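Engineer: Supplied in structure tokens, the structure appears directly below.
In this note's numbering, the protein residues as written are 13 to 533.
Below, the structure written as structure tokens:
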């Protein structure tokens, strides 16, 4: 019992550092103790439940140690995220354990790899989605080691982690087998060597650059919508826009930074839009302001969406978390956030309807915000940019939608202050480094407070503003119009894994059927 518990703690400690500001390399052997636990039990039903308990404890502790800070924004968040994430991990691991006791070991390992990647993929596409702990995200502090993400995306990182754990465990089991250690060492080291070759040889295309200013206003998230503070906040934001150099091409502000919700029918005439345009004209600035805002879209009854709500007059509407592109022209592009934070911005409609009697309307958003799609690219002075919002940074293929729409750089608006000075906002910034590598697009990121800054297409971090700093920073952001393999084909590894998982399960069923009929010895 004591050795098993020590193995659980060991796995937890090895799986967690990549999300807490440390190295992700411990992931390459973080599942080895758990594989040992599985191997140490027999095929009985009682043993199956014991392995189930040890595995569940491992995944719960991994979640708790890495996402505890969600509690600061929504107390129910850590519990919901832990349940969902642990459930998907358990599906893959227990499928592996079951087959490893009753079928070929190679088939069991195939199911572990394909099942884990497939369930991670389902987590990115379902209504309930919190893909924070996808294994490939753990290397955000070692982008130099995963430059091949431009071909595979983060699911390539998950594949690397799983294969490394399997081969290292098998080498440990056969300690004197030099061949086993050679294979394990090759799987661990070869991707790093390939990545280093890409890292040192990478040269961004010579397509020029744009001057981007990033604004970090450091407004208290929990006081932002307090009555009586709206005008003060607006004055602060307008004054910070004026601080940006006159030569800036783009000025980026955080997510939902304005303390109002704007009806999109009248958005061009909104006072804040008028004031921003006046500032740009007075400064003779040719900049576009890319800013987060809440916007409202009304629908006729026959065109209402699944997420639409009714106001007191019976009109149907959606509220969106949006980015706007404001310049001195009549053009005003809008992007509606398409990946929403569960429990804060989004409650799957079937859950909301079932549990509506438990919901207390405290004056905020009840139910679900409207859901957008990636894009459109904002075009200013002939330059197209993508404008992802905060949580969308967890979805590599979603980012690719902006690039496929023509974005040559990415300007992110975010608000991470809900979580306080914790690992949460730091890791969300570092995950943007993986998005830069996947699509080879330079990134400028504006957060309400820490961490704002610039990231190159190679994933290198430039000038930044930290926690509770207020200021405006400016840099040249290189442009790129080339599409990476991953941008073109998206999460192809995950889709292939789905097919392999299905075929492996069918093969196992047939194998067991034949065994039962004494056709297989």
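Ideal Cβ placement from N, Cα and C applies to all residues, glycine included. Computed from a prediction, not measured in an experiment: that's the story for all the values here.
Taking buried to mean at least 16 other C-beta atoms within 10 Å of its own C-beta, is residue 395 buried or exposed?
Structural biologist: That one is buried.
Engineer: From residue 160 to residue 148, what does the alpha carbon distance come to, in whole angstroms?
Structural biologist: Taking the straight line from one Cα to the other gives about 12 Å.
Engineer: Leaving out five residues on either side along the sequence, give the residues of the same chain with a beta carbon under 8 Å from the beta carbon of residue 242.
Structural biologist: If we look at residue 242 and ignore the five residues flanking it on each side, its Cβ neighbours are 271, 272.
Engineer: Would you identify the three-state DSSP class for residue 370, choosing helix, strand or coil?
Structural biologist: The predicted model places residue 370 with a pLDDT of 39, which falls under 50 and marks its position as unreliable; any figure quoted below should be read in that light. Residue state, collapsed to three classes: helix.
Engineer: Quick one: what does DSSP say residue 219 is sitting in, helix, strand or coil?
Structural biologist: Residue 219: coil per DSSP, three-state reduction.
Engineer: Using the DSSP secondary-structure output, state which residues sit across from residue 477 in a beta bridge.
Structural biologist: According to DSSP, residue 477 bridges with 464.
Engineer: Looking only at its own chain, which residues have a Cβ that is under 7 Å from the Cβ of residue 53, when we skip the five neighbours before and after it?
Structural biologist: Counting only Cβ-Cβ distances below 7 Å, and skipping sequence neighbours, we find 59, 62, 63.
Engineer: Comparing C-alpha positions only, which one of 34, 109, 82, 465 sits nearest to residue 55?
Structural biologist: Measuring from the Cα of residue 55, the nearest candidate turns out to be 109.
Engineer: Flag this pair as touching only if the stretch 486-501 and the stretch 209-224 have three or more C-beta atom pairs under 8 Å; answer yes or no.
Structural biologist: Judged by Cβ distances under 8 Å, the stretch 486-501 makes contact with the stretch 209-224, as three or more pairs qualify.
Engineer: Give me, in chain order, the residues of the same chain whose beta-carbon lies closer than 6 Å to that of residue 512; leave out the 5 immediate sequence neighbours on both sides.
Structural biologist: Within the same chain, residue 512 has close Cβ partners 126.
Engineer: What's the C-alpha gap between residue 426 and residue 444?
Structural biologist: Near 11 Å, if we compare the C-alpha coordinates of residue 444 and residue 426.
Engineer: Could you check the C-alpha separation between residue 470 and residue 152 for me, to the nearest Å?
Structural biologist: If I take the Cα positions, the gap works out to 12 Å.
Engineer: Among the residues of its own chain, which have a CB less than 6 Å from the CB of residue 69, if the five just before and after it don't count?
Structural biologist: Correct list, in chain order: 20.
Engineer: Taking just the CA atoms, how far does residue 202 sit from residue 192?
Structural biologist: Cα-Cα distance, rounded: 15 Å.
Engineer: Leaving out five residues before and five after residue 310 in sequence, what residues of the same chain have Cβ atoms less than 8 Å from its Cβ?
Structural biologist: Correct list, in chain order: 275, 277, 327, 328, 329.
Engineer: In this structure, what does DSSP give as the bridge partners for residue 347?
Structural biologist: Beta-bridge pairing links residue 347 to 335.
Engineer: Restricting to Cα atoms, I'd like to know which of 458, 281, 400, 294 is closest to residue 258.
Structural biologist: Selected option, being the one with the closest Cα: 294.
Engineer: Assuming residue 118 is part of the alpha helix (DSSP H), what are its boundary residues?
Structural biologist: Note, residue 118: alpha helix (DSSP H), 117-137.
Engineer: Name the DSSP beta bridge partners of residue 275, please?
Structural biologist: Its beta-bridge partners are 308.
Engineer: Which one of 502, 452, 515 has the shortest CA to CA distance from residue 155?
Structural biologist: Out of 502, 452, 515, 452 has the C-alpha closest to the C-alpha of residue 155.
Engineer: Helix or strand or just coil, what does DSSP make of residue 200?
Structural biologist: In the structure shown, residue 200 sits in a helix (DSSP, three-state: H, G or I).
Engineer: Ends of the beta strand (DSSP E) at residue 486?
Structural biologist: 483-490 is the span of the beta strand (DSSP E), which, as asked, contains residue 486.
Engineer: Helix, strand or coil: which one does DSSP assign to residue 364?
Structural biologist: Note that residue 364 scores a pLDDT of 47, beneath 50, so its modelled location is shaky and nothing firm can be said.
Engineer: Pick from 76, 133, 73: whose alpha carbon is nearest that of residue 100?
Structural biologist: The shortest C-alpha separation from residue 100 is found at 133.
Engineer: Do you know whose CA, among 180, 216, 158, 72, lies nearest residue 493's CA?
Structural biologist: Answer by Cα proximity: 216.
Engineer: Would you call the stretch 109-121 and the stretch 81-97 in contact, with 3 or more CB pairs under 8 Å?
Structural biologist: They do not touch, by the three-pair rule.
Engineer: Would you mind sorting residue 280 into buried or exposed? The rule is 16 or more other CB atoms within 10 Å of its CB.
Structural biologist: When all chains shown are included, residue 280 counts as exposed.
Engineer: Mark residue 343 as exposed unless 16 or more other C-beta atoms lie within 10 angstroms of its C-beta, in which case mark it buried.
Structural biologist: Under this definition residue 343 is an exposed residue.
Engineer: Given a threshold of 16 other Cβ atoms within 10 Å of its Cβ, counted over all protein chains shown, does residue 33 qualify as buried or as exposed?
Structural biologist: With fewer than 16 Cβ atoms within 10 Å of its Cβ, residue 33 is classed as exposed.
Engineer: Spatial neighbours of residue 450 within its chain, please: C-beta separation below 8 Å, excluding the five flanking residues on both sides.
Structural biologist: Result list for residue 450: 161, 162, 165, 166, 408, 411, 412, 496, 498, 499, in chain order.
Engineer: According to the Cβ coordinates, are residue 302 and residue 350 closer than 9 Å?
Structural biologist: Cβ distance not < 9 Å, so residue 302 and residue 350 don't count as in contact.
Engineer: If the criterion is Cβ atoms closer than 9 Å, does the pair residue 234 and residue 47 meet it?
Structural biologist: Going by C-beta atoms, residue 234 is not nearer than 9 Å to residue 47.
Engineer: How should residue 269 be labelled, buried or exposed, when 16 other C-beta atoms within 10 angstroms of its C-beta is the threshold for buried?
Structural biologist: Flag for residue 269 reads buried.
Engineer: Based on the DSSP secondary-structure assignment, which residues constitute the bridge partners of residue 329?
Structural biologist: For residue 329, which the question treats as bridged, DSSP gives the partners 310, 321.
Engineer: Determine whether the Cβ of residue 161 lies closer than 9 Å to any Cβ atom of chain B.
Structural biologist: In the structure shown, chain B cannot be found, because there is only a single protein chain.
Engineer: Below 6 Å CB to CB, which residues in the same chain sit around residue 26 once its five sequence neighbours on both sides are set aside?
Structural biologist: Excluding sequence neighbours, residue 26 sits near 38, 42.
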